[in-house]
Structures are given as C-alpha cells and as structure tokens.
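Asks:
In this note's numbering, the protein residues as written are 75 to 584.
#1: With residue 346 as the anchor, note down where its alpha helix (DSSP H) starts and where it stops.
#2: One question on the structure: do residue 297 and residue 211 come within less than 7 Å of each other, judged by their Cβ atoms?
#3: Which residues in the same chain as residue 399 place their Cβ atom closer than 8 Å to its Cβ, once the five residues preceding and following it in sequence are excluded?
#4: Where do the N-terminal and C-terminal ends of the alpha helix (DSSP H) with residue 467 fall, by residue?
#5: Which whole-angstrom value is the C-beta distance of residue 182 and residue 237, which I expect to be below 8 Å?
#6: Just to confirm the assignment: which complete alpha helix (DSSP H) runs, minimum length 4, are found wholly within the segment 147 to 187?
#7: State the beta-bridge partners of residue 457 as determined by DSSP.
#8: Around the C-beta of residue 252, are 16 or more other C-beta atoms found within 10 angstroms, so that it is buried, or is it exposed?
#9: Which first and last residues belong to the alpha helix (DSSP H) in which residue 263 is found?
#10: What is the rounded straight-line gap between the Cα of residue 155 and the Cα of residue 201?
#11: Residues bridged to residue 537 by DSSP?
#12: With DSSP collapsed to three states, give me the class of residue 109.
#13: Give me the Cα-Cα distance between residue 149 and residue 556, rounded to the nearest whole angstrom.
#14: Would residue 312 pass as a contact of residue 228 if the rule is Cβ separation under 7 Å?
#15: With 16 other CB atoms within 10 Å as the buried threshold, where does residue 86 fall?
#16: Give me, in chain order, the residues of the same chain whose beta-carbon lies closer than 8 Å to that of residue 426; leave out the 5 immediate sequence neighbours on both sides.
#17: Just to confirm the assignment: which complete alpha helix (DSSP H) runs, minimum length 4, are found wholly within the segment 183 to 228?
#18: Pull up the distance between the alpha-carbon of residue 113 and that of residue 473, whole angstroms please.
#19: Below 7 Å CB to CB, which residues in the same chain sit around residue 357 once its five sequence neighbours on both sides are set aside?
#20: In terms of residues, what are the limits of the beta strand (DSSP E) holding residue 487?
#21: CA-CA distance, residue 497 and residue 416?
#22: Would you tell me roughly how many angstroms separate the C-alpha atoms of residue 432 and residue 486, rounded to the nearest one?
#23: Are the beta-carbon atoms belonging to residue 196 and residue 347 less than 7 Å from one another?
#24: Please tell me whether residue 262 and residue 279 are closer than 7 Å, where the distance is taken between their beta carbons.
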C-alpha cells in the first residue's frame, strides 16, 4: 500500500466517526467568523450563548489568574471587548474541542489535553517574559501543536493502542508511521485544514528540525518555534526519568538563541506553569492528581522519580467502561436569573466608566436580557434602531435562534397604524403581551409580524427614548407559558438595563 493510500484510509476512518461531521461543522463555522464583520460577532456570541456549559467555561477562564487585570467579567459581550474577538473565538473553539475529546473518557486523550494546556501556558509565559510573540497567540498555537495525536487518540483508539505498544521499541515518528501510515503532524494539519483553522495555528503544528531552530524571523516562524519548544518540554517532563534535568538543559541549549535567557529560572518557571494550569483543570473538571503527566511533573518538582506512566485510570484500570463518580460528575455553580441581571447591570456600568464603544454596551444589555430570560425557556432578544432616512426601525443586534433570518423580515414601520409597536413608541411605555394570540388584542398584532414570529409567544417591548424622541427599542419573546414563571421583579431588571442603555446614549451625545 502506498503512503498516500494509507493516509487517505486513515483520514477516511477519522471522518466516518459518528460524531465527526457535527464537530467538523461547528468548528469550521467558528473558524470562518471574521472580526471585521458585525454579523460574525453576533454569530460567535450566539454560538456561545446557546451552550450554557460553554458560557460558564469561557467566563471561568476569562476570570482566572491569566486575565485578572480586567476585573470580574460576567458577559460574553464584554469578554469580546476586553480580550478581542479572535481570542474569544479561539477560546470557544478550544473549549468545545477539548470537552468533546474529554467525553471519550480515555485517560491517554485527557492526559494529552493536560500536556497541551501545560505547553500552551508555558508558551504564554515565555512569550510574555521575553516579548517574543503575542502571548495569546503563543498559547493557542502551542495548545494545538499536538492536535494530530489528540485526533488519533480520540477517533482511532484501537490504532492508538497499537502505536503505544510500538513506541516501546521504536521512536515516536517511526511508531506513528508504522501504525497510521502518516505522522501525527500530517494528520493534525490535514484535519485542521478541513476545519478552517487559522494559518498560524496550522503552521505551528510543523515539527522543527534542529537546523531550522535558529532561523525564526517572522511571527509565524516564532510561533512555530515556541510551540515546538514548549511541547518538547512537556514531552521530556512526561517521561519522568532520572535524566529529566539533563534533557531539559540540552533542550534549552538547543533553543538557546531564542530562550537562553530562561536558563537561570527555568525550573521555577515550569513549577509556576504547573500551578497555573489548575484553573483550566477546574474548568474541564479534570482531576490533575489522577493524570499520568501531572504525576510525573509533581514527582520531578519534588525531586522524586515516578514510575513510568501506564495510561491507567485512577482505578488502575485502562478502560472507559468503568469510572469513579468523581470523574462523571460535572460540578457547576448554580446561577440565578437575578445574579445574571445584576451582574449585567454592573458590567454595563463598568463599561460606561471605561468609555467602551456604545455598540458594545448595548450588546451587554441585550445578552443579559437573553441569558436571564433563557432560564425560563427558549428566548430571543433584539435591539432595534430607528432608520434616519425612512420611518422604520430595523434589527441591529440579536441573540437567539435564526437571527439572520429574523433580521430579513422584522422591520417595524413607524406610522399611524395602530399596533403594539407603535403604541409602545407613541405612548413611550413598556409593554408586556402575555399572549399575542389573545382575541382582545388581535387588532394590535400586525399580520406581517404574526406571519414572521409564529404563534404561542409572549412579547416584551421596551422603547428607547432620548430627549423625548424614540430612537430604538428592545424586544424580547419567548414561549407563552414560560412568562407565568417570570416574576415582576425579574422583569424590572429589563427596564433597568434599558435605562442604563439610555444613559450610555446620552453620555455619548454629550
């Protein structure tokens, strides 16, 4: 069999896994999003906000030690403002992928995740200390340097076990080539290209030859260099042999033209890196003490020699069919609608004080409304702005399902026609419609709206009035029956968010 045929067979087997198409579609969609496009920002926010576990994980990481300079962040909208679109996009992609890999339960795959997190955290620290490249780019590129090995461990478990047996008497590249017909590098790059990974991440998956180490000139070359170095460090630490310190010293020497300045405090740097990855372990609910890599690193840091890693679980059994309750139980902090609303108002106030762009503040308000109302069932929230050239209001931002489609049909004519939109705007009053199908208000529900929105909804309309003039409105909808469980106090928070938006607009107008 030719190498090309073997490669295609392996890739075909990966692609034919039952959950591969769904994950491929999701990751490809995220990677295609463009920071320069307002629609992409909304799409990314919606992808994240439709996954409550993902919201929690991102906010936990954003509020971890790595980003403590920003103070507490409680909305995805503000996280995008503070950390940037690309960083949050990459973080979302990483969390989705790693959580997906972790669900397979194989200790080897989870251990690879821990090693990757360590490598990424180390690369971020090195880049920050030496001003080598962007710390966040170094983190994400180093994190995915061993992507091919994770793909193989998750999607090709039988072949991966055969590879582990071969590696006992063959080099890593030789064992991979003999087992899969291609290297982990080739596998990772092939899948990463299919999933539209950024070029910088893909290029950083390349294995550097010794002769190429000193040639790094461009940012992409530097990212590849720090990714190789940090992952080689992880590989040495994972072996847990008596030669660990010697091997680390030799590695540092071979990369001396870039990282030689680290030599005096290198051991301390590795130990603090290990301490820092605990925040990631908490997010993924990984028990670090049960991971082979963590055991080796702990043993090295304490000056002990740990036995060779076995790939066994905490039970001492290499199987995904039996687990401890601890490894199956996800611990999630209970968050109430009140906490979300209060945090959102505080987030808006912080953004006002920090003079953030008005659009970002409005997104925080809209996201807070969406997340708070979503506790009671499926919801949608929209922000309308009045057109300066014609008497209509059009959707500017939205959270929920089918936002792009909604933006196409949902345009509110501002006319003498009596409907609940014009009533709210003309009377400058907030409306809650318990049931848009109620017979006694039928004449207030326009046919164009009924055709687009559907049936069985409650609706909330909050006009935005500045200097006695209507300039827009907030709109929310949800399943009719869910309104019964929303209290008046919780609805009051929506008006506070609207009022804070009005304050922000007035502040910008001077």
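Yeah, the Cβ is synthetic: ideal placement off N, Cα and C, and Gly gets one too.
Replies: Here's the rundown:
#1: Position 272 of the chain shown, counted from the start, is the residue given in the question as residue 346. Secondary structure note for residue 346: its alpha helix (DSSP H) is the uninterrupted segment 340 to 350.
#2: Position 223 of the chain shown, counted from the first residue, corresponds to residue 297. Position 137 of the chain shown, counted from the first residue, corresponds to residue 211. Yes, Cβ-Cβ distance for residue 297 and residue 211 is below 7 Å.
#3: The residue labelled residue 399 in the question sits at position 325 within the chain shown. Its pLDDT being 48, under 50, residue 399 is placed unreliably by the model, and nothing is read from it.
#4: In the chain shown, counting from the first residue as 1, residue 467 sits at position 393. Here residue 467 belongs to no alpha helix (DSSP H); instead the beta strand (DSSP E) covers 466 to 473.
#5: The sequence position of residue 182 within the chain shown is 108, counting from 1. The sequence position of residue 237 within the chain shown is 163, counting from 1. The pair is not a contact, with the Cβ atoms about 10 Å apart (cut-off 8 Å).
#6: Counting only unbroken stretches of 4 or more residues, the alpha helix (DSSP H) elements lying wholly within the segment 147 to 187 are 150 to 157 and 159 to 177, in sequence order.
#7: The residue you call residue 457 lines up with position 383 of the chain shown. Residue 457 pairs with 471 and 548.
#8: Walking along the chain shown from the start, residue 252 turns up at place 178. With fewer than 16 other Cβ atoms within 10 Å, it is exposed.
#9: Residue 263 sits at position 189 when you count from the first residue of the chain shown. 258 to 268 is the span of the alpha helix (DSSP H), which, as asked, contains residue 263.
#10: Locating residue 155 in the chain shown gives position 81, where the first residue counts as 1. Locating residue 201 in the chain shown gives position 127, where the first residue counts as 1. Those two C-alpha atoms are separated by around 23 Å.
#11: Your numbering for residue 537 matches position 463 in the chain shown. In the DSSP output, where bridge partners are listed per residue, residue 537 has 547.
#12: The residue you call residue 109 lines up with position 35 of the chain shown. In this structure, residue 109 counts as coil in the three-state DSSP scheme.
#13: Numbered from 1 along the chain shown, position 75 holds the residue referred to as residue 149. Numbered from 1 along the chain shown, position 482 holds the residue referred to as residue 556. Cα to Cα, the separation comes out at about 23 Å.
#14: Stepping through the chain shown from its first residue, residue 312 is reached at position 238. Stepping through the chain shown from its first residue, residue 228 is reached at position 154. No; because the gap between Cβ atoms is not below 7 Å, this pair is not in contact.
#15: Translated into the one-based positions of the chain shown, residue 86 becomes position 12. Per the 10 Å Cβ criterion, exposed.
#16: What you label residue 426 is simply residue 352 of the chain shown in a count that begins at 1. Contacts found: 435, 574, 577, 578 and 581.
#17: For the segment 183 to 228, whole alpha helix (DSSP H) runs of length 4 or above, ordered along the chain, are 209 to 217.
#18: If you number the chain shown from 1, residue 113 lands on position 39. If you number the chain shown from 1, residue 473 lands on position 399. C-alpha separation (whole angstroms): 11 Å.
#19: Residue numbering aside, residue 357 sits at position 283 when the chain shown is read from its first letter. Excluding positions up to five away in sequence, the list reads 131, 134 and 135.
#20: Position 413 of the chain shown, counted from the start, is the residue given in the question as residue 487. According to the DSSP assignment, residue 487 belongs to the beta strand (DSSP E) that extends over 485 to 487.
#21: Along the chain shown, read from residue 1 onward, the residue named residue 497 stands at position 423. Along the chain shown, read from residue 1 onward, the residue named residue 416 stands at position 342. Each residue's alpha carbon lies about 29 Å from the other.
#22: Counting from one through the chain shown, the residue named residue 432 turns up at place 358. Counting from one through the chain shown, the residue named residue 486 turns up at place 412. Taking the straight line joining both Cα atoms gives about 22 Å.
#23: Counted from its first residue, the chain shown places residue 196 at position 122. Counted from its first residue, the chain shown places residue 347 at position 273. At the C-beta level, residue 196 and residue 347 come within 7 Å of one another.
#24: Sequence index remark: in the chain shown, residue 262 carries index 188 (1-based). Sequence index remark: in the chain shown, residue 279 carries index 205 (1-based). Yes, they are a contact pair.
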